[in-house]
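Asks: Each protein sequence line maps, in turn, to chains A and B. Take 1 as the starting number for the first sequence in full-length UniProt numbering and just add one per residue. Take 1 as the starting number for the second sequence in full-length UniProt numbering and just add one per residue. The C-beta atom is built at its ideal place from N, Cα and C for all residues, glycine as well. One structure coming up, written as structure tokens, with questions to follow.
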Amino acid sequence: MTTTDPGTRDPYAGSRETTEGRVYTVTGGDWDQAFGSDLTGEERLVVNMGPQHPSTHGVLRLVLDLEGETVTKARVVIGYLHTGIEKNVEYRNWTQGTTFVTRMDYLSPLYNETAYCLAVEKLLGIDAPSRAQTIRVLVMEINRIASHLVGLATGGMELGALTGMTNGFRERELCLDLLEEITGLRMNHAYVRPGGVAQDLPPGAVESIREWLTVMPERLAGYHKLLTGQPIWQRRLKDVGYLDVTGCLALGITGPVLRAAGLPWDLRRTEPYLGYQDYDFEVPTADTSDAWGRYLVRMAEMFESLKIVRQALDRLEPGPVMVEDKKIAWPAQLSLGADGMGNSLEHVRHIMGTSMEALIHHFKLVTEGFRVPAGQVYVPVESPRGELGYHVVSDGGTRPFRVHVRDPSFVNLQATAAMSEGGMIADVIAAIASIDPVMGGVDR
Amino acid sequence: MTGPGDRSGTDAGQGAAAPGGGFRKGAFGVSGSGDTSGFGGLVRVEPGGAVALHSTDRPYGGWFDEVTDALVEAVGEATYAAAVRRVLVDRGEITYFVAREHLLTLVQALRDDDALRFELCSSVSGVDYEGSGGPAATPGRPRLHVVYHLTSMTYRRRIRLEVAVTVEDPHVPSVSSVYPTADWHERETYDMFGVVFDGHPALTRILMPDDWDGHPQRKDYPLGGVPVEYHGATVPPPDTRRSYR
Chain A
1 MTTTDPGTRD
11 PYAGSRETTE
21 GRVYTVTGGD
31 WDQAFGSDLT
41 GEERLVVNMG
51 PQHPSTHGVL
61 RLVLDLEGET
71 VTKARVVIGY
81 LHTGIEKNVE
91 YRNWTQGTTF
101 VTRMDYLSPL
111 YNETAYCLAV
121 EKLLGIDAPS
131 RAQTIRVLVM
141 EINRIASHLV
151 GLATGGMELG
161 ALTGMTNGFR
171 ERELCLDLLE
181 EITGLRMNHA
191 YVRPGGVAQD
201 LPPGAVESIR
211 EWLTVMPERL
221 AGYHKLLTGQ
231 PIWQRRLKDV
241 GYLDVTGCLA
251 LGITGPVLRA
261 AGLPWDLRRT
271 EPYLGYQDYD
281 FEVPTADTSD
291 AWGRYLVRMA
301 EMFESLKIVR
311 QALDRLEPGP
321 VMVEDKKIAW
331 PAQLSLGADG
341 MGNSLEHVRH
351 IMGTSMEALI
361 HHFKLVTEGF
371 RVPAGQVYVP
381 VESPRGELGY
391 HVVSDGGTRP
401 FRVHVRDPSF
411 VNLQATAAMS
421 EGGMIADVIA
431 AIASIDPVMG
441 GVDR
Chain B
1 MTGPGDRSGT
11 DAGQGAAAPG
21 GGFRKGAFGV
31 SGSGDTSGFG
41 GLVRVEPGGA
51 VALHSTDRPY
61 GGWFDEVTDA
71 LVEAVGEATY
81 AAAVRRVLVD
91 RGEITYFVAR
101 EHLLTLVQAL
111 RDDDALRFEL
121 CSSVSGVDYE
131 GSGGPAATPG
141 RPRLHVVYHL
151 TSMTYRRRIR
161 LEVAVTVEDP
171 HVPSVSSVYP
181 TADWHERETY
191 DMFGVVFDGH
201 PALTRILMPD
211 DWDGHPQRKD
221 YPLGGVPVEY
231 HGATVPPPDT
241 RRSYR
């Protein structure tokens, strides 16, 4: 049955005649056999990339139409990490919502928590105490550095700069150590709560942050030495993934991508929240509109975040970290143990041993939660990836009626086609890495 | 649904209508299932329900009047009166409740007019007001709302447009021709709520699988809608799992 023509025999691709016709075993290099000598680009090749692919920045699927190595059409398919968080939140009380939203964009959990809590607080008509606000700023900016480092590290890995990856994750670990010391968890903290934060900074945290502040500038400067001047890194990023301000606005792109196109749009400056108007920092921009500019903007933003952390430490004043209103404030300030946040023994003694009313109050507030007056709000914050907006609707009940998250990764990913069509397939990777999408946030 | 205040089947019929058309059930000292898992929920809907049906009177205060005047000027008095059914200022945010026939005219003016310049469509999302109590949830009322958050970077302002449609006729014109960013937002809203955006270039599911049935974020979408079976034992939907009856 099987015959092989010795005249056209190719070490990489054999062909054989079967009852079904001629069958090629395509292992490469046999295009002239398969298509004849006419390889002028009339043939369209559709490549399915992902959803499991080390270079697609998560479970992202790309359907690329190729002519040679040129991408003529790029389609993005998402939904592989859809977890139904928005629906789930509707069946938990308002405080439990924090635990869910923190898992959306898992690289910037504290932004999710803060934006959600700001929305709930706006519905309630309350403000967190100033110490809680400062702590939120503090942890968010540490989180921004951690997030940008991962963006840099995974982006570097996807482009083959593996040292960038190992170093990025190394420095990120320093940030996560701090967050662990403060919140008890490395990620998915559930630290920011409606009305304030779960607990005050533990003893020694301020010292740890100050020590971190002395280490980080030098470490971050190391990336300039490692990557910025490197010719390969430059040539992989420059003029790749071009998107100007007009394109950004049409596609709703915010964050470093927009700022790399030259528009200094940063919600911390343009619509300040949590007292950001009182912090002294720059909004870095670039005018190249390409992946290179986005890299430089992210680098500069990490240094600005260090400045903000430093100022936040100086602004910390003693005071409560949760609103006084006992109908909203979580009844127990938790204590931090070796295995994370846990029960405060003092509080347990109080409710179990001395006050039955305190026990009832604790039970009611923890299981049923508090009511939030009916209405809807939209609260945006500047996450590491752009405008993170929470549209929260209450019907007056103890659970959110609807929580919609305008996740910047979801919106920014729409720019993939505009950034990569007409370019080379290798540049698609650089373009997507420069958007820095987090699929947990895209699919929610 | 047996009453306008129901949140789930668990507590059906436990509440009593409060005077004034609103609906009140539960309190601390809940009657009914005694379910404290959080699934039962405690709802206290004020008269009017979650969707306040009143309109804020002029002046709205702050720049709200400026924007509204500019909008009236841009689209014309008659169109504005036909397009904007009511305006609500709440918690420092302004919401225009818009008739769907005029949505495109409005967003085009909002984006292009020099005095408005809402260049960025921040977000499009759906809300299903089924079961929220009040007149908005009574049968025949449009319960599916599509909410547009528009941002003016020039003036640093944010407004909200809201379009309400019924489940029987869930058609809304797509704004993706004006704001290309609305493409995925509208696909998500279609996927989750079943709102059909007419004129959308490719309205397909985006988060759920292409062959999925139903629209999961509708309030009447059954929890545990996918039969879960393990070794012959079935898992009930979570909203009925822990009610002690």
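(1) From Trp330(A) to Thr204(B), what does the alpha carbon distance come to, in whole angstroms?
(2) Please list the partners that Trp63(B) has in chain A, where partner means a Cβ-to-Cβ separation under 9 Å.
(3) Taking 7 Å as the CB-CB limit, is Trp212(B) close to chain A?
(4) Taking 7 Å as the CB-CB limit, is Gln217(B) close to chain A?
(5) Does chain B have any CB closer than 7 Å to the CB of Val377(A)?
(6) Using a cut-off of 8 Å between C-beta atoms, extract the partners of Ile206(B) located in chain A.
(7) How should Lys225(A) be labelled, buried or exposed, when 16 other C-beta atoms within 10 angstroms of its C-beta is the threshold for buried?
(8) Please determine, among Gly156(A), Ala205(A), Gly204(A), Gly262(A), the residue with the shortest C-alpha to C-alpha distance to Gln230(A).
(9) Got a sec, what are the start and stop residues for the beta strand (DSSP E) Pro380(A) sits in?
(10) Give me, in chain order, the residues of the same chain whose beta-carbon lies closer than 7 Å to that of Thr79(B); leave out the 5 immediate sequence neighbours on both sides.
(11) Can you tell me the Cα-Cα spacing of Arg170(A) and Leu161(B), whole angstroms?
(12) With C-beta atoms as the reference, is Leu64(A) less than 7 Å away from Val71(A)?
(13) Report yes if the C-beta distance between Val377(A) and Arg91(B) is below 7 Å; otherwise report no.
(14) Short of 8 Å Cβ to Cβ, which residues in the region 113 to 145 of chain A face chain B?
(15) Judging by CA-CA distance, which residue of Leu345(A), Glu387(A), Leu178(A), Ala426(A) is the nearest neighbour of His149(B)?
(16) Buried or exposed: Gly241(A), going by 16 or more other Cβ atoms within 10 Å of its Cβ?
(17) Answer with yes or no whether the minimum CB distance from Asp314(A) to chain B is below 7 Å.
(18) Can you give me the start and stop residues for the alpha helix (DSSP H) that Asp112(B) sits inside?
(19) Do Arg385(A) and Met104(A) have their CB atoms nearer than 7 Å?
(20) Any chance the region 90 to 98 of chain A sits against the region 354 to 370 of chain A, with 3 or more Cβ pairs inside 8 Å?
(21) Closer than 7 Å between beta carbons: that is the criterion. Which residues of the region 407 to 439 of chain A meet it against chain B?
(22) Any beta carbon of chain A sitting closer than 7 Å to that of Val163(B)?
(23) Assign His231(B) to one of two classes, buried (16 or more other C-beta atoms within 10 Å of its C-beta) or exposed (fewer than that).
(24) In angstroms, rounded to a whole number, what distance separates the CA positions of Ile425(A) and Pro54(A)?
(25) Just to confirm the assignment, what range does the alpha helix (DSSP H) spanning Met49(A) have?
(26) Rounded to the nearest angstrom, what separates Asp244(A) and Thr83(A) at their Cα positions?
(27) Return the chain-ordered ranges of every alpha helix (DSSP H) run that is complete within the region 176 to 219 of chain B and spans a minimum of 4 residues.
(28) Residues in its own chain within less than 6 Å of Asp65(B) by CB, not counting five upstream and five downstream?
(29) If we ignore side chains and look at the alpha-carbon of each, how far apart do Val76(A) and Val127(B) end up?
(30) Please check if any C-beta of chain A sits within less than 7 Å of the C-beta of Thr56(B).
(31) Considering just the uninterrupted stretch of the beta strand (DSSP E) at Lys73(A), what are its terminal residues?
(32) DSSP on Gly196(A), reduced to helix/strand/coil?
(33) With a threshold of 7 Å between beta-carbons, can Gly7(A) be considered close to chain B, or not?
(34) Residues of chain B with CB under 7 Å from Gly21(A), in chain order?
(35) Can you check the region 294 to 351 of chain A for any beta strand (DSSP E) of at least 3 residues that lies completely inside it and give the ranges in chain order?
Replies: Let me spell this out:
(1) Going from the Cα of Trp330(A) to the Cα of Thr204(B) covers about 42 Å.
(2) Per Cβ cutoff of 9 Å: no residues; Trp63(B) is ~13 Å from chain A at best.
(3) Taking 7 Å as the threshold, the shortest C-beta distance from Trp212(B) to chain A does not fall below it.
(4) Yes, Gln217(B) counts as interfacial toward chain A.
(5) It does; some Cβ of chain B falls within 7 Å.
(6) The contacting residues are Ile78, Gly79.
(7) Lys225(A) is exposed by the Cβ-count criterion.
(8) Residue Gly156(A) is the option with its Cα nearest to Gln230(A).
(9) Counting along the chain, the beta strand (DSSP E) containing Pro380(A) begins and ends at 375 to 383.
(10) Around Thr79(B): His102, Thr105.
(11) Straight-line measurement puts the Cα of Leu161(B) at about 46 Å from the Cα of Arg170(A).
(12) In contact: Leu64(A) and Val71(A) (Cβ atoms closer than 7 Å).
(13) Yes. Within cutoff.
(14) Listed by position, the residues of the region 113 to 145 of chain A near chain B (Cβ gap below 8 Å) are Lys122, Leu123, Gly125.
(15) Residue nearest to His149(B) within the set Leu345(A), Glu387(A), Leu178(A), Ala426(A) is Glu387(A) (criterion: CA-CA distance).
(16) Buried is the call here.
(17) Chain B contact via Cβ: absent.
(18) That run of the alpha helix (DSSP H) goes 103 to 112.
(19) No, Cβ-Cβ distance for Arg385(A) and Met104(A) is not below 7 Å.
(20) With a cut-off of 8 Å, the region 354 to 370 of chain A and the region 90 to 98 of chain A count as touching, because enough Cβ pairs lie within range.
(21) Under the 7 Å Cβ criterion, the region 407 to 439 of chain A contributes Phe410, Val411, Gln414.
(22) Closer than 7 Å to the CB of Val163(B) there is not a single CB belonging to chain A.
(23) With fewer than 16 Cβ atoms within 10 Å of its Cβ, His231(B) is classed as exposed.
(24) Their Cα atoms are separated by approximately 15 Å.
(25) Careful: Met49(A) lies outside any alpha helix (DSSP H), inside the beta strand (DSSP E) at 45 to 49.
(26) Between the alpha carbons of Asp244(A) and Thr83(A) lies a distance of about 33 Å.
(27) Qualifying alpha helix (DSSP H) stretches, in chain order: 182 to 193.
(28) Result list for Asp65(B): Pro59, in chain order.
(29) Straight across, the Cα-Cα distance linking Val76(A) with Val127(B) is about 26 Å.
(30) It does not: the Cβ of Thr56(B) has no partner Cβ on chain A nearer than 7 Å.
(31) Segment 70 to 77, the beta strand (DSSP E) holding Lys73(A).
(32) Looking at Gly196(A) - three-state DSSP - the assignment turns out to be strand.
(33) Confidence at Gly7(A) is low in this model, with a pLDDT of 48, below 50, so its placement is unreliable and no value can be given for it.
(34) Per Cβ cutoff of 7 Å: no residues; Gly21(A) is ~32 Å from chain B at best.
(35) Taking only runs of at least 3 residues, the beta strand (DSSP E) segments lying wholly in the region 294 to 351 of chain A are 335 to 337, 340 to 342.
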